[in-house]
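Written out below as structure tokens is the structure these notes cover.
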Amino acid sequence: MIYVRPSLKCVNHDRPPIHIDSMTTGIQFLSFFMILALVPGCVTLPPPNDRAGASAYSVGDRARVTFDEVVVSLRFQGANAPYQNLHVTLAAFVNPKKTTYSSPYQAEDILRRLETRVAVRLSEMLGGLGEQSLGDTEALRRKILGESQTVVDDALRQWEHGSDYHVEIVIASLYWTDASVGRSQQQRGWMW
């Protein structure tokens, strides 16, 4: 017969008494719960293939970043002045490709830190172009997207979860103005 006395000693009449160390037991329970809390982590799932049964969370892009406008003065064919300003605003859409223990917000944070690198790359590339015209706009869009996507892809390859996400760079706006018009007023979120 086994019973526990208030003094925390287990007594078995056939064996000598065993003392239960409450400190060791407490540490074991604490360790167990700490490990249990760390094991599951956060999981980001890609949207289901069956769109009919998707929850609101799975519809649309998981994260997005809109970059500040980049303005570059370029020679423009047929304009009254030799230079015109090209205004380009890029955005990025972030979506998981597979189940991951990372968050789309981590990818979004990486993109925010890349914004200046993307702007520098665009300024360098566009500044090296010759005279432009409205007929060159589609080729110009492709060059802008290609250069920007390369900067983002290079950075995502350095991140351990970069291959878990599809990050698509898009042009939110692209327009020409005369050289007297500079950057538009930037509107940021409430925290940045």
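Sequential numbering of the sequence shown, starting at 229, is according to the working numbering.
For every residue, glycine included, the Cβ atom is placed at its ideal position computed from N, Cα and C.
- Rounded to the nearest whole angstrom, the C-alpha separation of K371 and E297 is 17 Å.
- Using a C-beta cut-off of 8 Å, the segment 360 to 377 makes no contact with the segment 385 to 393, since fewer than three inter-stretch Cβ pairs fall below that distance.
- Beyond the five residues adjoining it in sequence on each side, P274 comes within less than 8 Å, by CB distance, of N323, P324, K325, K326 and T327 in the same chain, given in chain order.
- Here the C-alpha atom of V293 lies approximately 17 Å from the C-alpha atom of S330.
- About 19 Å separates the beta carbons of S401 and T344, which is beyond the 8 Å limit, so they are not a contact pair.
- With fewer than 16 other Cβ atoms from the protein chains shown falling within 10 Å of its own Cβ, P310 counts as exposed.
- Residue pairing by DSSP places A291 opposite V322 in a beta bridge.
- Annotation: H394 to F321 spans about 8 Å, alpha carbon to alpha carbon.
- Taking C-beta atoms under 8 Å as the contact rule, L354 and L314 qualify, at a distance of about 7 Å.
- Only residues of its own chain outside the window of five on either side were considered, and among them V293 and A320 have a CB closer than 6 Å to the CB of L339, listed in chain order.
- DSSP places E352 outside any beta strand (DSSP E); the residue lies instead in the alpha helix (DSSP H), whose first and last residues are P332 to G355.
- For T405, there is no enclosing alpha helix (DSSP H); the residue is part of the beta strand (DSSP E) that begins and ends at Y393 to D406.
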